[in-house]
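Heads up: the structure comes next, in structure tokens.
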Ligand code: QUE
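In this note's numbering, the protein residues as written are 23 to 399.
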């Protein structure tokens, strides 16, 4: 194997500090590391202290490289730096802080992020996401549309956006309605977290691998001589079969699936809550409590989003989401939700109740944007 990687960590310490001191900026590590290993590409999301939260700089590093690799490489692997996270989401904190200072470029982040999600979903070469650790929101968008998503016992998956006054974007409209049994609607509205093997059982991950062996899996993939999809499958399936944490353990949501399907098949958020009230079980009461904490606007718009997304292509979903996010960006709840989350206080949603979020208001989130904002792809 010809290793052409030059990772900073592999340089001698003296040389490394020389490289760093020769730069004007004190922090020299790129936020996304793009390595070429023979005929394969490896992306490492590299903001471990921020749980590898995705920002515009990272998207702008990754997108053109992925475009190039699509024509020059035979496979792409994406992973996160550090042990905690694959990617905790979009860097919503800096977007909201920037907007508060008068910087209106936040919608550029979403546009370019969604373009990257679309590219991943239509890539001509195998794309393998090693989703070891926290994988939420934007991190889901970097993995779920690809061919292989390998979870570990440390994987923590969620689409938690209704808690910050947003909606499950990055192609959530596409993959969530396709999970079956209304599981996607449940995950979208409540932000329910799935751990380890449950990420596989829900249909979000395609395989599992022991966290301790994820590096070994990467090396095995990089060693493949002719990475035809069947060779890649074979390698990943080997690690999957040998994993020690997923054997014959049932889906932890299994007992709840009939209730999830029954309650979340309703025609509106209000009806879902009515179904849960009628059910009355401890589980159902917990669901109601969770839903009551979420932005009412997020809940109603998300409900409509998941219904519409079931009938759309990924590209159509992302165009719809661009329209939606533009409205959320300029409305109250997203800014309020993010500020509240990072200052650990209760958000003040406006409007504060479901009944105040009218059908007309929901419809506005889906209407086309002005011409110059409209064309994404
Ligand atoms: C809901 C969310 C997000 C969240 C918390 C929520 C989200 C997101 C982050 C996040 C986490 C760590 C970071 C960061 C952002 O938190 O989307 O910059 O360092 O990205 O309750 O949707």
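In this text, a Cβ means the ideal position worked out from N, Cα and C, and glycines have one as well.
In this text the structure is predicted, and so the values were computed from the model without any measurement.
Coarse secondary structure for residue i, derived from DSSP in three states
| i | result |
| --- | --- |
| residue 167 | coil |
| residue 57 | strand |
| residue 180 | strand |
| residue 231 | coil |
| residue 322 | helix |
| residue 273 | coil |
| residue 266 | coil |
| residue 218 | coil |
| residue 395 | helix |
| residue 104 | coil |
| residue 368 | coil |
| residue 75 | coil |
| residue 98 | strand |
| residue 284 | helix |
| residue 332 | coil |
| residue 173 | strand |
| residue 390 | coil |
| residue 43 | With a pLDDT of only 33 at residue 43, under the threshold of 50, the placement of this residue in the model should not be trusted; the figure read from the coordinates follows. Helix, per DSSP. |
Nearest-angstrom Cα separation, counted from residue j out to residue i
| i | j | result |
| --- | --- | --- |
| residue 293 | residue 324 | 14 Å |
| residue 79 | residue 297 | 44 Å |
| residue 383 | residue 334 | 22 Å |
| residue 93 | residue 308 | 49 Å |
| residue 114 | residue 53 | 16 Å |
| residue 30 | residue 81 | Because the pLDDT of residue 30 is 38, which lies under 50, any placement of that residue in the model is unreliable, and the question is left without a value. |
| residue 373 | residue 188 | 14 Å |
| residue 147 | residue 99 | 11 Å |
| residue 340 | residue 291 | 23 Å |
| residue 349 | residue 244 | 43 Å |
| residue 397 | residue 170 | 29 Å |
| residue 195 | residue 342 | 9 Å |
| residue 70 | residue 55 | 12 Å |
| residue 288 | residue 300 | 13 Å |
| residue 207 | residue 68 | 31 Å |
| residue 173 | residue 64 | 17 Å |
| residue 175 | residue 204 | 25 Å |
| residue 302 | residue 311 | 12 Å |
| residue 237 | residue 305 | 39 Å |
| residue 213 | residue 286 | 14 Å |
| residue 61 | residue 375 | 54 Å |
| residue 141 | residue 89 | 8 Å |
| residue 363 | residue 369 | 8 Å |
| residue 152 | residue 118 | 29 Å |
| residue 73 | residue 386 | 34 Å |
| residue 201 | residue 229 | 16 Å |
| residue 393 | residue 191 | 21 Å |
| residue 77 | residue 131 | 7 Å |
| residue 270 | residue 58 | 38 Å |
| residue 379 | residue 371 | 11 Å |
| residue 104 | residue 227 | 20 Å |
Endpoints, alpha helix (DSSP H) assigned at residue i
| i | result |
| --- | --- |
| residue 114 | 114-122 |
| residue 278 | Here residue 278 belongs to no alpha helix (DSSP H), and DSSP marks it neither H nor E. |
| residue 383 | 381-386 |
| residue 185 | Element bounds for residue 185: n/a, residue is neither H nor E. |
| residue 210 | 205-212 |
| residue 374 | Neither: residue 374 is in no alpha helix (DSSP H) and is coded neither H nor E. |
| residue 349 | 336-352 |
| residue 139 | 128-144 |
| residue 291 | 291-301 |
| residue 244 | 236-245 |
| residue 195 | 194-197 |
Segment limits, beta strand (DSSP E) that includes residue i
| i | result |
| --- | --- |
| residue 316 | Unbroken run through residue 316: none, as it is neither H nor E. |
| residue 151 | 149-153 |
| residue 63 | 62-67 |
| residue 157 | 156-158 |
Any chain D beta carbon closer than 8 Å to residue i
| i | result |
| --- | --- |
| residue 108 | Among the chains in the structure shown there is no chain D, since it carries only a single protein chain. |
ask   = Is the region 271-287 touching the region 182-192 in the sense that three or more CB pairs, one from each, lie closer than 8 Å?
value = no
The region 214-227 contacting the region 241-259, beta-carbon criterion three pairs below 8 Å = The region 214-227 makes no contact with the region 241-259, as fewer than three CB pairs between them are under 8 Å.
ask   = Is the number of C-beta pairs between the region 312-323 and the region 340-356 that are closer than 8 Å three or more?
value = yes
request  = Say whether the region 104-118 touches the region 155-164, bearing in mind that this needs 3 or more beta-carbon pairs closer than 8 Å, one atom from each stretch.
outcome  = yes
ask   = Do three or more CB pairs link the region 136-151 to the region 113-128 at distances below 8 Å?
value = no
query = Between the region 234-243 and the region 253-262, do three or more beta carbon pairs fall short of 8 Å?
reply = The region 234-243, when compared against the region 253-262, does touch it at the 8 Å Cβ threshold.
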